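Asker: I'd like to ask you about the structure that follows.
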Amino acid sequence: MPAPEPGAAPAAASVPDPAAAHGTEPGTDHGTAHAADDAQSMASGLDALETRAEQKGSGAQRLLAKATPPLLAAALVLALWQTAYLLNWSQVLPAPSAVFGELGDAWSDGTLLPAIWHSTLRCVFGFGLAAAIGLPLGLLLTRVAPLRTVLRPTLTAIQSLPAAALVPVAIIALGNSEGAVYATVLLGAVPSIAVTVIATVEQLPPLLLRAGRSMGATGLRGTALVVVPAALPGFLSALRQGWTFGWRALMTAELITATPLPGIGQMLAEGKESNSMSLVLASVLLILAVGVLVESALFQPLERRLLTNRGLTIP
Amino acid sequence: MSTGLAAPRTTTGTSRTAAGTGTLPGTGPAVRLEAVSKAYGPAGARNLVLDEISLDVAPGEFVCLLGASGCGKSTLLNLVAGLDRPSAGQVRVAAGRPALMFQDHALFPWLSAGRNIELALRLAGVPRSGRRERAEELLELVHLPGAYGKRVHQLSGGMRQRVALARSLAQGSDVLLMDEPFAALDAITRDLLHEELTRLWQERQFTVLFVTHNVREAVRLGQRVVLLSSRPGRIAREWRVELPCPRRIEDGGVASLATEITGHLHQEIVRHART
């Protein structure tokens, strides 16, 4: 909508009433087209005054602004580490170069990529399955009160269990298999997703739900058209937390379970067996890297987009 | 000047016999409340919010419900909107679900202005093919052409309420319930929206039940002003506003009737100081 010229409204007001000038009855101009036009230009003037244009930096600028702090932090940690090594602060601390050398060796003997690949694949599958179970389960529990009364404390209790406590159960039940690994991931991720979904739906603004109901969005239609879209940012938080829990559970499971397939957790176990601090640290770095990458390449942009669309981010 | 413009009138004792359940036949009032009471809380310590409210609103009529805090205005609208059930008495609405508009715009932040309206159209059973065009029409009707793709947070307070008004109209109901819809707006914007609402009401002749605590707003907009007493809400008095329409908030007639009604409103409030 184009903003009116500055000064247009006062000019129009000072001009004699055209309706009166053309000989129509003066004094009854409240309802005439002239008055309606006046009101409309007033309204669009107010609209222009009260809305602000959204500003955006260029893509490269924003990327740079976002990438700089974490890179600086990484550089700082590396510098500190190198200093500690040079000053021989610790007997067991390997040089950063030794750790990266370990990664280089793993790369060249062809064990690094399969390890990353299998771990990520397990987590993606496990997480996908956990999301496919956790989201509907949470949503179902928000709608069925008796079920919620029973299951919610159970889910919260499982959520508080460390994954390490679940692995032996999974191994005895399912053997040293991929199945045991997936079971651990699911038990780690599903309760966390479901519990967060319930909390999100409970915190939705009642006014929106009331508005939806007054328009006829009740029952399943209300859930699909109002509750789910309203709760979407919360669902994303649920998934994000589910991913974190799942990834941690997976590493624990890989570390303890002797599956035939490689993984980052197995690298960690190997390092521990061979008493190689550099291999252990190399594995830890990998675990961190995958976690940070998924967080910053998947969840953060998604969340930002959702929140920006709703005007919930601070510009 | 106030004499002759306003004729006080009471509705007590005018309740009529019941007909049907929930909906009214095509002729007769658009909204009928018959001795409607609403109480909350356990049977022993019941908190009576509305006490035997009887009110008929004719099709195309603009009725303002006026009252201080605690008069149960919002509860009353909830009952008419079908979001709540009366504890006693009958609420009847002629055909369909009334549209409800709130003090807060209550637009869905995940949808654009246009999509908000389309959702209301969808829920009202408008087929998909016609929705976009209809939504654009409704936005034009509230003087917001080009706002279709705007997100709610990109709109000013006044624009949001106009979109909310368009969304209410999209529900295709002949009855529009408004719960202090302009109370959170600044005076200039509110004045503009008064004009828009009056214009739309005159053009489209829907029925309006408008809740407010602003006496001048009630007199400016309504054909009838119903004063509710507080705790419990009862109909205290009623005025028929016979000033020419459209009115302006600064009209002498509006001011003098508002002064008269304010006097009665104050009496209702002072009554609570004594008890």
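Protein chains in written order, with this note's numbering: chain P, 539 to 853; chain S, 14 to 288.
Glycine included, every Cβ here is placed at the ideal spot set by N, Cα and C.
These numbers were taken from a predicted model, which means no experiment stands behind them.
(1) Check whether the Cβ of Gln578(P) lies closer than 8 Å to any Cβ atom in chain S.
(2) What would DSSP say about Ser67(S), mapped onto helix, strand or coil?
(3) If we cut at 8 Å on Cβ distances, does Val165(S) have a partner in chain P?
(4) For Val615(P), which of Leu659(P), Thr658(P), Ala749(P) and Leu823(P) has the nearest alpha-carbon?
(5) Starting from the Cα of Arg748(P), find the closest Cα among Cys258(S), Val238(S) and Ser87(S) and give me that residue.
(6) Which residue from Arg260(S), Ser242(S), Gly265(S) and Leu256(S) puts its Cα closest to that of His277(S)?
(7) Among residues of its own chain, excluding the 5 on either side of Ile696(P), which ones have a beta-carbon nearer than 7 Å to its beta-carbon?
(8) Output the boundary residues of the beta strand (DSSP E) element that contains Cys661(P).
(9) Along the alpha helix (DSSP H) that carries Trp252(S), what are the first and last residues, could you check?
(10) Where do the ends of the alpha helix (DSSP H) carrying Val728(P) lie?
(11) What residue range does the beta strand (DSSP E) around Ala796(P) cover?
(12) Candidates Gln779(P), Ala718(P), Leu584(P) and Pro700(P): which alpha carbon is nearest Glu833(P)'s?
(13) Tell me, please, whether the CB atom of Ile201(S) is closer than 8 Å to any CB atom in chain P?
(14) Please work out which residues of its chain come closer than 6 Å, Cβ to Cβ, to Gly772(P), disregarding the five sequence neighbours upstream and downstream, and give them in chain order.
(15) By Cβ distance below 7 Å, which residues in the same chain neighbour Ala137(S) in space, the five residues on each side in sequence not counted?
(16) Rank Leu610(P), Ile825(P) and Arg842(P) by C-alpha distance to the C-alpha of Ser657(P) and give the top, closest one.
(17) How about Leu79(S) and Leu240(S): do their beta carbons lie closer than 8 Å?
(18) Would you decide whether Asn129(S) is buried or exposed? Buried here means 16 or more other CB atoms lie within 10 Å of its CB.
(19) Let me see if you follow: with CB-CB separation under 8 Å, is Trp214(S) close to chain P or not?
(20) Assuming Gly801(P) contacts Glu792(P) under a Cβ cut-off of 8 Å, what Cβ separation, rounded to an integer in Å, is found between them?
(21) Would you check if the distance between the CB atom of Leu178(S) and the CB atom of Arg751(P) is smaller than 8 Å?
(22) So Gln236(S) packs on Arg253(S), CB below 8 Å; how close in whole Å?
(23) Are the beta-carbon atoms belonging to Ala43(S) and Val70(S) less than 8 Å from one another?
(24) Go to Ala48(S), then tell me how far its beta strand (DSSP E) extends in each direction, as first and last residue.
(25) Give the residues of chain S in contact with Ala827(P), contact being defined as C-beta atoms less than 8 Å apart.
(26) Taking the beta strand (DSSP E) that Ser242(S) belongs to, which residues open and close that run?
(27) Just checking: is the beta-carbon of Ala133(S) within a distance shorter than 8 Å of some beta-carbon in chain P?
(28) Please report the distance separating the alpha-carbon of Val176(S) from that of Gly266(S).
(29) Along chain S, in chain order, which residues have C-beta atoms closer than 7 Å to that of Ala703(P)?
(30) Given a limit of 8 Å on CB to CB distance, which residues of the region 766-794 of chain P reach chain S?
(31) Do you know whose CA, among Gly760(P), Leu845(P), Cys661(P) and Gln804(P), lies nearest Ala133(S)'s CA?
(32) Please report the straight-line C-alpha distance between Arg217(S) and Ala81(S), rounded to a whole angstrom.
(33) With 16 other CB atoms within 10 Å as the buried threshold, where does Lys604(P) fall?
(34) Gly54(S) to Arg98(S), Cα distance in whole Å?
(35) Use the C-beta contact count for Glu209(S): other C-beta atoms within 10 angstroms, 16 or more gives buried, fewer gives exposed.
(36) Thinking C-beta only, is Leu799(P) closer than 8 Å to Glu716(P)?
Answerer: The short version:
(1) Within the first sequence, the letter at position 40 stands for residue 578(P). At least one chain S Cβ lies under 8 Å of Gln578(P).
(2) Reading the second sequence from its first residue, position 54 is the one you call residue 67(S). Ser67(S) falls in the strand class under three-state DSSP.
(3) As a working note, residue 165(S) is residue 152 in the second sequence. Chain P contact via Cβ: present.
(4) Translated into the one-based positions of the first sequence, residue 615(P) becomes position 77. That would be Leu823(P), whose Cα lies nearest to the Cα of Val615(P).
(5) Here residue 748(P) refers to the residue found at position 210 of the first sequence. When C-alpha distances from Arg748(P) are compared across Cys258(S), Val238(S) and Ser87(S), the shortest belongs to Ser87(S).
(6) Looking up residue 277(S) in the second sequence gives position 264. Of Arg260(S), Ser242(S), Gly265(S) and Leu256(S), the residue nearest in Cα terms is Ser242(S).
(7) As a first step, residue 696(P) is located in the first sequence; it is residue number 158 there, counting from the start. The residues are Leu725 and Pro729.
(8) Numbered from 1 along the first sequence, position 123 holds the residue referred to as residue 661(P). Run containing Cys661(P): none in the beta strand (DSSP E); it sits in the alpha helix (DSSP H), Leu650 to Arg681.
(9) Counting from one through the second sequence, the residue named residue 252(S) turns up at place 239. Note, Trp252(S): premise wrong, no alpha helix (DSSP H); beta strand (DSSP E) at Arg247 to Val254.
(10) As a first step, residue 728(P) is located in the first sequence; it is residue number 190 there, counting from the start. Per DSSP, the continuous alpha helix (DSSP H) segment holding Val728(P) begins and ends at Glu716 to Glu740.
(11) For the purposes of this step, residue 796(P) is identified with residue 258 of the first sequence, where counting begins at 1. Annotation for Ala796(P): no beta strand (DSSP E) segment contains it, and DSSP assigns it neither H nor E.
(12) Stepping through the first sequence from its first residue, residue 833(P) is reached at position 295. It is Gln779(P).
(13) On the second sequence, residue 201(S) is found 188 positions in, with the first residue counted as 1. At least one chain P Cβ lies under 8 Å of Ile201(S).
(14) By 1-based counting over the first sequence, the position of residue 772(P) is 234. Here the set comprises Thr738.
(15) Within the second sequence, the letter at position 124 stands for residue 137(S). If we look at Ala137(S) and ignore the five residues flanking it on each side, its Cβ neighbours are Ala183, Gln184 and Gly185.
(16) Along the first sequence, one-based indexing puts residue 657(P) at 119. When only C-alpha atoms are compared, the closest one is Ile825(P).
(17) Reading the second sequence from its first residue, position 66 is the one you call residue 79(S). Reading the second sequence from its first residue, position 227 is the one you call residue 240(S). In this structure, Leu240(S) lies closer than 8 Å to Leu79(S) by Cβ.
(18) Stepping through the second sequence from its first residue, residue 129(S) is reached at position 116. That one is buried.
(19) Counting from one through the second sequence, the residue named residue 214(S) turns up at place 201. So, not an interface residue.
(20) What you label residue 801(P) is simply residue 263 of the first sequence in a count that begins at 1. What you label residue 792(P) is simply residue 254 of the first sequence in a count that begins at 1. Yes, they are in contact, since the Cβ atoms of Gly801(P) and Glu792(P) sit about 4 Å apart, within 8 Å.
(21) Walking along the second sequence from the start, residue 178(S) turns up at place 165. Walking along the first sequence from the start, residue 751(P) turns up at place 213. Result no, Cβ atoms of Leu178(S) and Arg751(P) do not sit closer than 8 Å.
(22) As a working note, residue 236(S) is residue 223 in the second sequence. As a working note, residue 253(S) is residue 240 in the second sequence. Right, their Cβ atoms sit about 7 Å apart.
(23) Sequence index remark: in the second sequence, residue 43(S) carries index 30 (1-based). Sequence index remark: in the second sequence, residue 70(S) carries index 57 (1-based). Yes, they are a contact pair.
(24) As a first step, residue 48(S) must be located in the second sequence, where it is residue number 35. Taken as a continuous stretch (DSSP letters only), the beta strand (DSSP E) holding Ala48(S) covers Val44 to Tyr53.
(25) Position 289 of the first sequence, counted from the start, is the residue given in the question as residue 827(P). Result: empty, since nearest Cβ-Cβ is about 33 Å, beyond 8 Å.
(26) Within the second sequence, the letter at position 229 stands for residue 242(S). Arg237 to Ser242 is the span of the beta strand (DSSP E), which, as asked, contains Ser242(S).
(27) One-based indexing of the second sequence puts residue 133(S) at position 120. Cβ-Cβ to chain P under 8 Å: yes for Ala133(S).
(28) Here residue 176(S) refers to the residue found at position 163 of the second sequence. Here residue 266(S) refers to the residue found at position 253 of the second sequence. Going from the Cα of Val176(S) to the Cα of Gly266(S) covers about 31 Å.
(29) In the first sequence, residue 703(P) corresponds to position 165, counting from 1. Those do not exist, as Ala703(P) stays about 39 Å from chain S at its closest Cβ, beyond 7 Å.
(30) Pro767, Ala768 and Leu770
(31) Looking up residue 133(S) in the second sequence gives position 120. Of Gly760(P), Leu845(P), Cys661(P) and Gln804(P), the residue nearest in Cα terms is Gly760(P).
(32) Position 204 of the second sequence, counting from 1, holds the residue named residue 217(S). Position 68 of the second sequence, counting from 1, holds the residue named residue 81(S). So the alpha carbons of these two residues sit roughly 30 Å apart.
(33) What you label residue 604(P) is simply residue 66 of the first sequence in a count that begins at 1. With fewer than 16 other Cβ atoms within 10 Å, it is exposed.
(34) Taking the second sequence and counting its residues from 1, one reaches residue 54(S) at position 41. Taking the second sequence and counting its residues from 1, one reaches residue 98(S) at position 85. For Gly54(S) and Arg98(S), the distance between alpha carbons rounds to 14 Å.
(35) Within the second sequence, the letter at position 196 stands for residue 209(S). Classification for Glu209(S): buried.
(36) Looking up residue 716(P) in the first sequence gives position 178. Looking up residue 799(P) in the first sequence gives position 261. Yes, these two residues count as a Cβ contact at 8 Å.
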